[in-house]
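> Dropping the structure in here first, questions after.
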Amino acid sequence: MFDQKKIAMIVAEFLGAALLTVALYAVLARTAFPLFTALAVGVTYGLLTLIFGAVSGAHANPAVTIGKWTLKKIDTPQALVFVAAQVLGGLGAWSLLKYFTGRSLTSIAADKFDWKVLVAEAVGTAVFTFGIAAAVYMKFEGAKLATVVGASLLLGVLVASMASNGVLNPAVALGIQSWDWAYATGPLIGAIVGMNLYGLVFVAAKKR
1 MFDQKKIAMI
11 VAEFLGAALL
21 TVALYAVLAR
31 TAFPLFTALA
41 VGVTYGLLTL
51 IFGAVSGAHA
61 NPAVTIGKWT
71 LKKIDTPQAL
81 VFVAAQVLGG
91 LGAWSLLKYF
101 TGRSLTSIAA
111 DKFDWKVLVA
121 EAVGTAVFTF
131 GIAAAVYMKF
141 EGAKLATVVG
151 ASLLLGVLVA
161 SMASNGVLNP
171 AVALGIQSWD
181 WAYATGPLIG
191 AIVGMNLYGL
201 VFVAAKKR
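Here you go:
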């Protein structure tokens with residue numbers, strides 16, 4: 001059922017989400033300065049793209065996977081497997097962080113649902129995935145691809161951090177305990193809008 005290539009893709013998505021979770025928490029646990037957080041996850045995501053890009057595409061984020069699925073760049077069964085692996089990666093990182101810190105992680109999400117947080121996560125993810133869509137359609141590879149997607153995540157986190165924790169990733173939000181409906185759905189909405197906006201406006205214009 002699963003050959004070596006498929007197993008490698010699943011492991012890549014699991015590790016990608018887990019490493020992003022650990023990188024984000026390592027910064028948030030020490031400082032709330034948004035630029036440090038954005039730099040940490042941007043550099044990490046660029047590195048993951050170089051390491052896992054040729055294996056799975058290095059989504060490491062359910063929002064990215066769903067966004068690419070709406071563009072028909074990934075089929076439904078593969079998207080479901082990727083999302084499951086990413087969520088498990090976030091949960092695995094959560095367990096590792098609890099072991100490292102010797103305590104349970106305290107929730108850093110708001111006590112009540114906040115529309116402002118949802119909008120911030122959606123807008124930040126739209127900025128992030130707009131960059132990914134550009135890289136996909138322009139067929140960037142290697143260091144060029146890693147730079148564009150990493151910088152796009154950095155910018156998206158900076159935008160979102162004005163009103164949220166700037167996570168932009170439901171799997172990571174679960175792993176660092178920044179989890180509620182805003183952090184779960186905001187990135188999904190943003191990814192669908194960001195990727196399809198690029199496709200509809202810029203790709204369609206180029207074809208004309």
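Residue numbers (the numbering used here): 1 to 208.
We put the CB at the ideal spot given by N, CA and C, even for glycine.
For Glu-141, which three-state DSSP category applies?
Here Glu-141 sits in coil by DSSP.
> Provide the residue span of the alpha helix (DSSP H) that contains Thr-106, from first to last.
Looking at the DSSP string, Thr-106 is not in any alpha helix (DSSP H), and its letter there is neither H nor E.
> In chain order, what residues of the same chain lie with their CB nearer than 7 angstroms to the CB of Gly-124, ignoring the 5 residues before and after it?
Excluding residues within five positions, the ones whose Cβ falls inside 7 angstroms are Gly-156, Val-157, Val-159, Ala-160, Gly-166, Leu-168 and Gly-190.
> Identify which residue in Ile-176, Ala-17, Val-64 and Phe-36 has its Cα closest to the Cα of Val-193.
Closest by alpha carbon: Val-64.
> Return yes when the Cβ of Leu-24 is within less than 8 angstroms of the Cβ of Val-41, no when it is not.
Taking 8 angstroms as the Cβ cut-off, Val-41 and Leu-24 qualify as a contacting pair.
> Rounded to a whole number of angstroms, what is the C-alpha to C-alpha distance between Phe-128 and Leu-153?
Approximately 5 angstroms, taken between the alpha carbons.
> Exposed or buried, Ala-182, counting other C-beta atoms within 10 Å across all chains shown (16 or more means buried)?
Flag for Ala-182 reads buried.
> Expressed to the nearest angstrom, what Euclidean distance is found between the alpha-carbon atoms of Gly-131 and Asp-3?
Roughly 32 angstroms between the two C-alpha positions.
> Is it a yes or a no for the segment 104-120 touching the segment 195-204, going by three-plus beta-carbon pairs under 8 angstroms?
No, the segment 104-120 does not touch the segment 195-204.
> Within 10 Å of its beta-carbon, does Leu-80 have 16 or more other beta-carbons around it, so buried, or fewer, so exposed?
Its Cβ having fewer than 16 others within 10 Å, Leu-80 is exposed.
> Should Phe-36 and Val-22 be called a contact, given that it needs their Cβ atoms to be closer than 8 angstroms?
For Phe-36 and Val-22, no; Cβs fall outside 8 angstroms.
> Would you check if the distance between the CB atom of Gly-89 and the CB atom of Ala-171 is smaller than 8 angstroms?
In contact: Gly-89 and Ala-171 (Cβ atoms closer than 8 angstroms).
> For Phe-225, count neighbouring Cβ atoms within 10 angstroms of its own Cβ and tell me buried if that reaches 16, exposed if not.
No answer is possible for residue 225: the residues shown for the chain start at 1 and end at 208.
> Under three-state DSSP, which class holds Phe-52?
Correct three-state label for Phe-52: helix.
> So, with DSSP's three-state summary, where would you put Phe-33?
Phe-33: coil per DSSP, three-state reduction.
> Relative to the C-alpha of Leu-50, which residue among Leu-97, Ala-109, Ala-12 and Met-195 is closest?
Cα-wise, what sits closest to Leu-50 is Ala-12.
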